[in-house]
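Asker:
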Amino acid sequence: MWAPIYSPDYNPIEMMFSKLKGIVKRIRLKDMLKEEGKTFPELLIGATKQIEVSDVNNCISNVLKLFEF
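Residue numbers (the working numbering): 114 to 182.
(1) From what residue to what residue does the alpha helix (DSSP H) around F130 run?
(2) So, using beta-carbon positions, are I136 and Q163 closer together than 7 Å?
(3) Count Cβ pairs between the region 153-173 and the region 128-143 that sit closer than 8 Å; are there 3 or more?
(4) Restricting to Cα atoms, I'd like to know which of P154, D122 and P117 is closest to K178.
(5) V169 and M129 look like a contact to me (Cβ under 8 Å); what is the Cβ gap, rounded to whole Å?
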């Protein structure tokens with residue numbers, strides 16, 4: 114069975130996952146310093162609230178630039 118080569122550069126969701134992961138890490142670090150213990154779902158909810166529409170638009174436009182000739 115043939116599978117295409119993995120190319121995260123052409124997949125805007127990978128860029129959003131990377132951004133989300135960074136936000137979750139920052140929130141978790143702040144919670145650790147405050148000695149608070151948020152659950153993972155709480156961390157994800159807090160992180161998704163920090164992603165803006167402009168972040169999504171930038172990720173998509175960067176991928177579209179890769180396809181320009």
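For glycine and all other residues, C-beta sits at the position ideal for the given N, C-alpha and C.
Answerer: Concretely, from the data shown:
(1) One-based indexing of the sequence shown puts residue 130 at position 17. P125 to L146 is the extent of the alpha helix (DSSP H) around F130.
(2) Here residue 136 refers to the residue found at position 23 of the sequence shown. Here residue 163 refers to the residue found at position 50 of the sequence shown. Yes, Cβ-Cβ distance for I136 and Q163 is below 7 Å.
(3) yes
(4) In the sequence shown, the residue the question calls residue 178 occupies position 65. Comparing Cα-Cα distances from K178 to each of P154, D122 and P117, the minimum goes to D122.
(5) Working through the sequence shown from its first residue, we reach residue 169 at position 56. Working through the sequence shown from its first residue, we reach residue 129 at position 16. Right, their Cβ atoms sit about 7 Å apart.
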